[in-house]
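The sequence shown begins at 1 in UniProt numbering and counts up by one.
For glycine and all other residues, C-beta sits at the position ideal for the given N, C-alpha and C.
Note that this is a predicted model, so its numbers are computed, not measured.
Below you'll find the structure, written out as structure tokens, and then a few comments.
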Amino acid sequence: MTLMIPFDNTYAALPGQFYSKLPPQPVKAPRLVAFNEDLARVLGLTPGGTAEMAEVFGGNRVPEGADPLAQLYAGHQFGTYNPQLGDGRAILLGETAGTDGKRRDIQLKGSGRTPYSRGGDGRAWLGPVLREYVVSEAMHALGIPTTRALAAVETGETVWREGGLPGAVLTRVAASHLRVGTFQIFAARGDKASLRQLTDYAIARHYPEAEGPMGLLSAVRDAQSELIAAWMGVGFIHGVMNTDNFSISGETIDYGPCAFMDIYHPHTVFSSIDRGRRYAYANQPAIAVWNLAQLATALIQQMDDPQECVEAATEIVHAMPALTEAAWLRRFRAKLGITTAQEGDLELITSLLGLMAENQSDFTNTFRALAEGSARGQFTDPAAFDSWAEGWQARLEGEPDPHAVMRGANPAFIPRNHRIEEMIASAAAGDYALFHRLNAVLAKPFDDQPDHADLQRPPKPEEVVQATFCGT
Ligand code: AMP
Ligand code: MG
Numbered sequence: 001m002t003l004m005i006p007f008d009n010t011y012a013a014l015p016g017q018f019y020s021k022l023p024p025q026p027v028k029a030p031r032l033v034a035f036n037e038d039l040a041r042v043l044g045l046t047p048g049g050t051a052e053m054a055e056v057f058g059g060n061r062v063p064e065g066a067d068p069l070a071q072l073y074a075g076h077q078f079g080t081y082n083p084q085l086g087d088g089r090a091i092l093l094g095e096t097a098g099t100d101g102k103r104r105d106i107q108l109k110g111s112g113r114t115p116y117s118r119g120g121d122g123r124a125w126l127g128p129v130l131r132e133y134v135v136s137e138a139m140h141a142l143g144i145p146t147t148r149a150l151a152a153v154e155t156g157e158t159v160w161r162e163g164g165l166p167g168a169v170l171t172r173v174a175a176s177h178l179r180v181g182t183f184q185i186f187a188a189r190g191d192k193a194s195l196r197q198l199t200d201y202a203i204a205r206h207y208p209e210a211e212g213p214m215g216l217l218s219a220v221r222d223a224q225s226e227l228i229a230a231w232m233g234v235g236f237i238h239g240v241m242n243t244d245n246f247s248i249s250g251e252t253i254d255y256g257p258c259a260f261m262d263i264y265h266p267h268t269v270f271s272s273i274d275r276g277r278r279y280a281y282a283n284q285p286a287i288a289v290w291n292l293a294q295l296a297t298a299l300i301q302q303m304d305d306p307q308e309c310v311e312a313a314t315e316i317v318h319a320m321p322a323l324t325e326a327a328w329l330r331r332f333r334a335k336l337g338i339t340t341a342q343e344g345d346l347e348l349i350t351s352l353l354g355l356m357a358e359n360q361s362d363f364t365n366t367f368r369a370l371a372e373g374s375a376r377g378q379f380t381d382p383a384a385f386d387s388w389a390e391g392w393q394a395r396l397e398g399e400p401d402p403h404a405v406m407r408g409a410n411p412a413f414i415p416r417n418h419r420i421e422e423m424i425a426s427a428a429a430g431d432y433a434l435f436h437r438l439n440a441v442l443a444k445p446f447d448d449q450p451d452h453a454d455l456q457r458p459p460k461p462e463e464v465v466q467a468t469f470c471g472t
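Now the structure itself:
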């Protein structure tokens, strides 16, 4: 079979100020190490032979119908505006319309230098490529909006970081790669025409029912409120919620130093570069509001008189915390087996979380154990849990099937950091068994899989991952 990707490109048809057209840079010896057949089907892609797919997804051959380009954007990184970022190590090959009617970008990440590479080499090493592959696919299986992974290719080249590391390219699939930063760059330049064009494009592509820039702002707010609540519900910490990593579509994007919490604590941070703890677990809802405010600031620049929109934009942004909290409450109620709303629910949830933090409870296993009636074992002070559980049991009266609700809301399996690190180390040594096992198990995160109970185990003290690093 020959690889066939039914490209249908719209971004490449926009005028030239939004991107630079160039092909991916070839690599020495591409070898296909992962290919996502389920996703390929959704894209309407006909897989080809392994060697051919290695050539295409390694960047050595531009497939028919592709119109490769690097996208331009800017962004606030840790609160500081960087006037020019852009795809410094990624190439958008093009889009497919999707067998499910959803348009998606197909992008190579780690595909060589572009005009936006600044000091970087345009490459990625195998570790972050496999991490993003496993974690983004796990997020998808958890039902959380996310970019996905179509393929991973080892390049046969060495990438230099602290030392020499095996190079790799990830093929990332996204609803689009439009970010807050895509709007910010044109706003900062005072380019109203480009902002208007981009706004129309984003509305047509993601929110056809939205009206004008304020309609777009509201739609992004709603999508991101749901997304952040979903992250909170599984103990996910993004790690780099810069405005260039905050998507317009409401998907999780850019799996750099991201991590799932083991022990619950609201202040948890993993990213080695997040020294101010800006992107700590519990800060994520507030940071999302801050990012939305940056989008609002950019969007109003397209108006003839931006001042006229300030009030409307402020109102939209200010409504976000309540929306995120409502989505958060809905999710955490379900995590306790509750399907209706009552006063006191917030208190019930936060008091459990408080106990979990005090008792150093494992976030995932504690919630999963609630359904099985074995949660007290997750607390160093089981009596404290017992007294909380009395109120909880009383609240569950009249709930038809809390057990089923909890099993559907509390995954048994998440990609634990120490397993991801172990997987990267073994893959770098040529053994992909754990990579494939993780993908298979994490595809069904709500199922009991007794043969893989080892993947539910929290890290032993010596296995705890203290810090995660960006994919650069
Ligand atoms: P990130 O932290 O991955 O969101 O990247 C922030 C910016 O740095 C983006 O413009 C990336 O394209 C760029 N970048 C990251 N790593 C590299 C690299 N190895 N080479 C060139 N540009 C990079
Ligand atoms: Mg990024």
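Beta-carbon spacing of residue i, residue j below 8 angstroms
i    : j    : result
G239 : D274 : yes
A54  : P30  : yes
Q449 : N365 : no
L69  : V153 : no
F57  : P47  : no
G235 : F270 : no
Q107 : H177 : yes
A74  : I253 : no
M423 : L442 : no
L126 : A427 : yes
L3   : E52  : yes
R172 : R123 : no
L348 : L370 : no
S247 : R331 : no
D447 : D362 : no
C258 : V134 : no
A138 : P445 : yes
G44  : P15  : no
E399 : I338 : yes
H267 : R278 : no
Identity of the residue in the options nearest residue i by Cα
i    : options                   : result
I316 : V289, E55, Q342 and R330  : V289
A40  : L329, V441, E95 and P26   : E95
E390 : H403, L352 and Q378       : L352
R113 : E132, D87, L92 and D105   : D87
L93  : P306, L85, Q71 and T99    : Q71
G61  : V159, P24, T314 and E358  : According to the sequence provided, residue 61 is Arg. The question's Gly does not apply to it. It is P24 whose Cα lies nearest to the Cα of R61.
Q284 : Q302, A230 and C309       : A230
G65  : T2, A51, M214 and N9      : N9
N245 : A174, Y432 and L455       : A174
F18  : Y279, R131, K28 and R189  : R189
I91  : L195, V169, Y81 and F183  : V169
E325 : D222, L142, K21 and I203  : D222
Q84  : N359, A187, T146 and M232 : A187
G156 : G344, G59, L346 and A375  : G59
T182 : A467, D381, A296 and Y432 : A296
S194 : M303, A375 and L45        : M303
E226 : G373, V465 and I144       : I144
N82  : G101, R118, F413 and V129 : R118
S272 : I237, D305, T146 and F379 : I237
D431 : L130, H76 and P415        : L130
P115 : M1, A433, I287 and S20    : S20
Cβ-based burial, residue i [other Cβ within 10 Å; buried from 16]
i    : result
P63  : buried
D401 : exposed
C470 : exposed
G49  : exposed
W160 : exposed
E308 : exposed
Q342 : exposed
Y281 : buried
G167 : buried
S387 : exposed
K28  : exposed
M241 : buried
E132 : buried
V464 : exposed
A322 : exposed
For review: beta carbons within less than 6 angstroms of any heavy atom in the ligand MG
D244, N245 and D254
Hey, which unbroken runs of the alpha helix (DSSP H) at 4 residues or more fall wholly within the stretch 167–244?
180–188, 192–206 and 212–234
Let me know the beta strand (DSSP E) ranges lying completely inside the stretch 89–118, each 3 residues or longer, listed in chain order.
90–96 and 104–109
Please give the ranges of any alpha helix (DSSP H) in the stretch 19–64, keeping only runs that are unbroken, at least 4 residues long and fully inside the region.
37–43 and 50–58
Can you give, in chain order, each stretch of the alpha helix (DSSP H) that sits fully within the stretch 249–299 and has at least 4 residues?
284–299
Please go through the stretch 383–430 and give each complete alpha helix (DSSP H) segment of 4 or more residues, from N-terminal end onward.
402–409 and 417–428
Uninterrupted alpha helix (DSSP H) stretches inside the stretch 320–361 (no shorter than 4 residues):
320–335 and 345–359
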